[in-house]
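Residue numbers (the working numbering): 3 to 303.
Next up, the structure:
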């Protein structure tokens, strides 16, 4: 069991098992860097094109692994999960062969997420159908980072609507992104205002927003309060930098709307995340939902 932190409510909630809704499967430096080739192609500045991780300027201590350190990424992640009290990780089933193996061999520890590109039209919908048939209830979510695609796909773009409809049909939540992106690429594709029409048109759809929604967190809170199917996750933020508007919202009317997500191994270590989490100013009643129960409900875990 993880060591006690001095925050009793946090420790009690973590004892029931944490669900982390962001895992980028660790890999060697070269293969980890190759995951971002499309972003480097979309970017125009020389610095970004030379970064291993295209938002690396924003983070301290981005995890990097040499070949000899990554003999078995799945076992590496399982050990980290046990050390920090993580019961389940949400991971992209087509990220690489390791993530696919994790979901297949350890369905009690890893839940599958499918990445789709709406630019592919009907092929994106066929991909969802085929993945549901192949993975069954091990597939728990669809994922789309439209800002990172080429061409970019805004949240309320006509190319997204068939994907949203297919998610409703398949009973799958969709993970999207809001706020100014870290990589130096245009941001308007993920302005959170666009979520208003999406949630209006698809009242049955569960939407989980990643990466903060800054600098529009006040607007994000209004949208979270307005739309029952809209949720917020804390990915890409070290806990000491969680937006205060989100912490206040969770403490008041939004305890069932905010989900824990780390950023391992894309930009943050679990050691840092779990060292800082107990100091987040959540009230006692928020911790069980934040660390586990909200993700259980939204992702049917």
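From the three backbone atoms N, C-alpha and C, an ideal C-beta is built for every residue, glycine too.
Where does the unbroken beta strand (DSSP E) through residue i begin, and where does it stop?
i, result
"residue 25", "20-25"
"residue 6", "No beta strand (DSSP E) holds residue 6; DSSP gives it neither H nor E."
"residue 210", "209-212"
"residue 203", "That residue, residue 203, is in no beta strand (DSSP E); its alpha helix (DSSP H) goes 197-203."
"residue 178", "176-179"
"residue 237", "Per DSSP, residue 237 belongs to no beta strand (DSSP E) and is neither H nor E."
Secondary structure at residue i, three-state DSSP: helix, strand or coil?
i, result
"residue 374", "This structure does not reach residue 374, given that the chain is present from 3 up to 303, and the question cannot be answered."
"residue 301", "coil"
"residue 95", "coil"
"residue 287", "helix"
"residue 117", "strand"
"residue 170", "helix"
"residue 42", "helix"
Could you tell me if residue i is buried or exposed, where buried requires 16 or more neighbouring beta carbons within 10 angstroms of its beta carbon?
i, result
"residue 266", "buried"
"residue 241", "buried"
"residue 166", "buried"
"residue 214", "buried"
"residue 68", "exposed"
The alpha helix (DSSP H) with residue i in it runs from where to where?
i, result
"residue 133", "124-137"
"residue 187", "No alpha helix (DSSP H) holds residue 187; DSSP gives it neither H nor E."
"residue 223", "219-228"
"residue 86", "75-86"
"residue 142", "Looking at the DSSP string, residue 142 is not in any alpha helix (DSSP H); the run it does join, the beta strand (DSSP E), is 141-145."
"residue 36", "31-36"
Round the Cβ separation of residue i and residue j to the nearest angstrom and send it over; I've been treating them as touching at under 8 Å.
i, j, result
"residue 64", "residue 269", "5 Å"
"residue 66", "residue 31", "5 Å"
Considering only the beta carbon of each residue, do residue i and residue j sit closer than 8 Å?
i, j, result
"residue 115", "residue 142", "yes"
"residue 177", "residue 207", "no"
"residue 351", "residue 40", "Beyond the ends of the chain as shown, which are 3 and 303, falls residue 351; an answer cannot be given."
"residue 234", "residue 261", "yes"
"residue 257", "residue 23", "no"
"residue 86", "residue 4", "yes"
The ligand SAH heavy atoms versus the CB of residue i: any closer than 7 Å?
i, result
"residue 103", "With respect to small molecules bound, the structure shown includes none, and the ligand SAH cannot be examined in it."
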